[in-house]
Amino acid sequence: MKQARIALAASLLVTSAIAIAQQGPESLLPPGFDKPQPKAAPQAPANSGGPTTISSPVVQAIPGRSAPSGGSVTLPANIPSLDRIEKMSPEELATLLGNKPKFDVPAGARREMKRLGVLDESEGGLPSWTFAGQNASLVRAALAGNNGQLVSRWGHILLRRALASRLDAPAGMAPAEFAALRAALLVRMGEGAAARELVQDIDAANYSPALSQAALDAYVQTGDFTGACPVVTFQGGVRKDNQWKVFQAICSAYSGEGSRAMTVLDRLTPGSGVERIDVLLAQKYAGAANRGQRAVKIEWDGVEGMTPLRYNLALAVGLEPPASLTASSPASLRANPASSPFAPLELRASAADFAAGQGVLSSAAMVDLYSQVFALGGSGDWASRAGQLQAAYLAASDKEKVAAITALWGDRSTPLQFYSRQVLTAYAAARLPVSSEFIEESPGLIASMLSAGLDENAVKWGAVVPNGSEGWALLALAQANRTAEVSRDQIDTFRDADESEEQAKTRMLVAGLAGLRRISQQTGNDLASDMGFSLAADSRWAQAIEQAAAVNNPGLVAFLAGVGMQGPTWSKMTSRHLYHIVAALDRVGLRAEARMIAAEAVARA
C-alpha cells in the first residue's frame, strides 16, 4: 500500500511536470475546425517520401532550460524525494500538485464581499456606507495602529460596536483586508467571540493570508480550535509555519485521521512561536478525538511565559495554567477565561475582574457569573463575594445593602479590579432609594450605575448630592438633557476639594464639560490654561478626528477615538485627548457614549 501510494504520487508529479512544461496545448483538429476563417493545409516537405503522418505534440522547453531530447522529460527542480512525498499530508501533496480544494458552495449561496460584519444598522450598528468615501490609508492606520488596550470601558464598548458593524470597505481597500484589520483589532481587544462572528461571515474562498491569520487568532482566543477547520482544509498546504501545522493536525484528528494527526505533531520541530509545551497540549487535545488516545503528561517546569495558543489549549484540555506564567501577560489574556466555557468557575470569576473593567463583560454577565458561584455553595473568597452580592440585593435594610456593595468594591489599590466590581454592583446600586444618608458613598454608587449606562437612575441622586462634590461632577457630565451651563464657581468648588494626583479629576471635568458644550468655549480655554493644558487641535490625530466629525462620519470618529484612548490606565489619558474625543462623539450624534466616557474619566482619574 505504501509503495502504491508513492508510485501514484510520483506518477501524478510527472504528469503535473509535463503540464507545467508546456506553454499551452496544441490543437489536434484539422485546419478550419478551430477558427472561423478557413486556412490552407500546410504543404508536406518536398523531400518527404512516405505518407503524411500526424506527429505528437512537441513539449515546449521551459524558459531557461534546454528542450528535452530522446522523448525524456526533465522534472522541475523542486520535486521532493519519494521519502518526503510519503510524509506529506494530503493538503501538502495537493498544493504541490497545484490542486486546491474546490469551493463547492453553489453560486447562489455564496456570500458577497459587501456589508461584512455582525451588527446591522437596525440592530445598533453603524451605517454600512460609513467608510465608502473615506481615505483607505487613514482607516488602515487607525485599525493597524491600535494595540487594543483602551483606558476606557465605554470607549472599548463603542469601538467594539463600530468594528462589528456591517460595513462596506473604504474606497481603494479590498474587503478582505478591511475585514482582517477589524478582526485582528477585535482579537487584540480580547473580543474573540465578535472577531469569530466577523470572519465567519466570509466564505473561505475569499480569505486572504491576513484574514486567515486573524481568523486563527479569533478561534484560538475562543478555544474553538475545530472551528477553524473549514478554512484550514480549504487553504491546504499554503502555509508551512508551526501554528498552521498544529491546526492541520487537530483538524485531521477530528476528521477521523488520528494517526496522521499524531504523526504531524510528533515530527513538529519547536520554534516560530510554538514550543514543546504547545505541541504536547495539542497532542492531548487531538488525542481526545478518539478513544485510543495516548497518555500525554503536561509539565510546566521550564516553561517561560504564556501565549494565547498555550493558554487556551490548556483550558480546553481541562488544565489551569500556573498563575505565575500569566501574571505578566497582557490584560486581554488575563481576561480571556471570563468567557471561556472550559475555565473553572473561580478562574472565570477572577478573570472577570479584568474583563468587566475593560468592557468585555457586561454588568448582567457579571451578576450571572457570581450567581453560578453562589449556587455551588461551599466556602472560600469567591463564595463569600457571591454571598455579598446576594446581600446587596436582598439584605434586610438599605444600610446593609450599601455595606455589601462597598465591601465588594474593596480598596482602590487595584484600579481595574475596583472598577470591575463597580460594574458588578451597578444594578444593585440602581435599586437603592435616593437618600442623604448615603452621601459619603454616593460618588461610588453613581459611578457604579454609570458604568452600566444606568444614567436615569444615577441622575435621581442630583436631588441630594452637594454642588461641587464628585457626585455632582459625575451627574453634570452624565445628564442627558442638561440645558443650563455649568458655572465657573461650581467648577472652582470642585477643584478646591479635588485631592486626585495633579487634580486629574478637575482636568477631566473641564475637558468633558467643554467637549459636551456645557461650558462656553472661552470658559473652557481659560480653565484649561489655568491648569496648564490646552484644548487646541495641535496634533495630526486631533485634526483628523475634528475633520471626521465635521463631515459627520461616526465610524471614523469611533476608530480615531480608539486610537486616542490607548493605554493601560487612565493616567495615560490626557485631558486634551479627552476633550477632542468627547467633542467629536457629541458632534456626530454619539452623545450617550460621549457622556459616559466623560463621566468615566472623572470617576477613574
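Mapped onto mature numbering (1 follows the signal peptide of the UniProt record, and there is no 0), the consecutive letters of the sequence shown carry residue numbers -21 to -1, 1 to 584. Glycine included, every Cβ here is placed at the ideal spot set by N, Cα and C.
Asked, Found
"My guess is that residue 257 and residue 288 are in contact by the Cβ rule of under 8 Å, so how many angstroms apart are they, rounded?", "6 Å"
"Rounded to the nearest angstrom, how far is the Cβ of residue 171 from that of residue 321, given a contact under 8 Å?", "That pair is no contact at about 13 Å."
"Quick one: what does DSSP say residue 326 is sitting in, helix, strand or coil?", "helix"
"Give every residue of the same chain whose Cβ lies closer than 7 Å to the Cβ of residue 432, excluding the five residues on either side of it in the sequence, and list them in chain order.", "575"
"Considering only residues of the same chain and omitting the five flanking positions on each side of residue 541, which have a CB-CB separation below 6 Å?", "125 and 138"
"Find the nearest neighbour of residue 421 within the set 396, 382 and 393, judged by alpha-carbon distance.", "382"
"Could you have a look at residue 541 and say whether DSSP puts it in helix, strand or coil?", "helix"
"Please classify residue 385 as buried or exposed, where buried requires at least 16 other C-beta atoms within 10 Å of its C-beta.", "buried"
"Could you please give me the residues that DSSP links to residue 253 through a beta bridge?", "250"
"Evaluate residue 301 with the Cβ neighbour count: other Cβ atoms within 10 Å of its Cβ, from every protein chain shown; 16 or more gives buried, anything less gives exposed.", "exposed"
"Do residue 93 and residue 154 have their C-beta atoms within less than 8 Å of each other?", "yes"
"Where do the ends of the alpha helix (DSSP H) carrying residue 287 lie?", "287 to 295"
"Short check: CB of residue 447 to CB of residue 417, under 8 Å?", "no"
"Is DSSP giving residue 584 helix, strand or coil here?", "coil"
"As a quick exercise: from 578, 426 and 200, pick the residue whose alpha carbon is nearest that of residue 316.", "200"
"In or out: residue 227 buried (at least 16 other Cβ within 10 Å) or exposed?", "buried"
"What separation, rounded to the nearest whole angstrom, lies between the Cα atoms of residue 298 and residue 283?", "17 Å"
"When DSSP labels each residue in this structure, what does residue 358 get in the three-state scheme?", "coil"
"What separation, rounded to the nearest whole angstrom, lies between the Cα atoms of residue 326 and residue 178?", "28 Å"
"To the nearest angstrom, how far is it from the Cα of residue 512 to the Cα of residue 428?", "30 Å"
"Excluding sequence positions up to five away, which residues of its chain have a Cβ less than 6 Å from the Cβ of residue 193?", "159, 162 and 163"
"Are residue 405 and residue 342 closer than 8 Å when you measure CB to CB?", "yes"
"Measure from the alpha carbon of residue 218 to the alpha carbon of each residue in 231, 229 and 188, then state which is nearest.", "188"
"Helix, strand or coil for residue 495? Go by DSSP, reduced to three states.", "coil"
"Quick one: grab the DSSP three-state call for residue 44.", "Because residue 44 sits at a pLDDT of 36, beneath the cut-off of 50, its placement in the model cannot be relied upon, and the point is left open."
"Can you have a look at residue 667 and say buried or exposed, based on whether 16 or more other CB atoms are within 10 angstroms of its CB?", "The displayed coordinates of the chain run from -21 to 584. Any statement about residue 667 would go beyond what the structure contains."
"Within 10 angstroms of its Cβ, does residue 103 collect 16 or more other Cβ (buried), or is it exposed?", "exposed"
"Since residue 126 is in the alpha helix (DSSP H), which residue starts that stretch and which ends it?", "Looking at the DSSP string, residue 126 is not in any alpha helix (DSSP H), and its letter there is neither H nor E."
"Of all the options 535, 129 and 169, which has the alpha carbon lying nearest to the alpha carbon of residue 319?", "169"
"If you follow the alpha helix (DSSP H) that residue 475 is part of, which residue opens it and which one closes it?", "467 to 476"
"Between residue 311 and residue 127, how many whole angstroms is the CB-CB distance? I'm expecting something under 8 Å.", "6 Å"
"How should residue 254 be labelled, buried or exposed, when 16 other C-beta atoms within 10 angstroms of its C-beta is the threshold for buried?", "buried"
"Taking C-beta to C-beta, are residue 275 and residue 549 nearer than 8 Å?", "no"
"What is the rounded straight-line gap between the Cα of residue 538 and the Cα of residue 250?", "35 Å"
"Of the residues 489, 99, 584 and 333, which one's Cα is nearest the Cα of residue 471?", "489"
"What distance in whole Å lies between the Cβ atoms of residue 183 and residue 210, which are believed to be in contact at a cut-off of 8 Å?", "5 Å"
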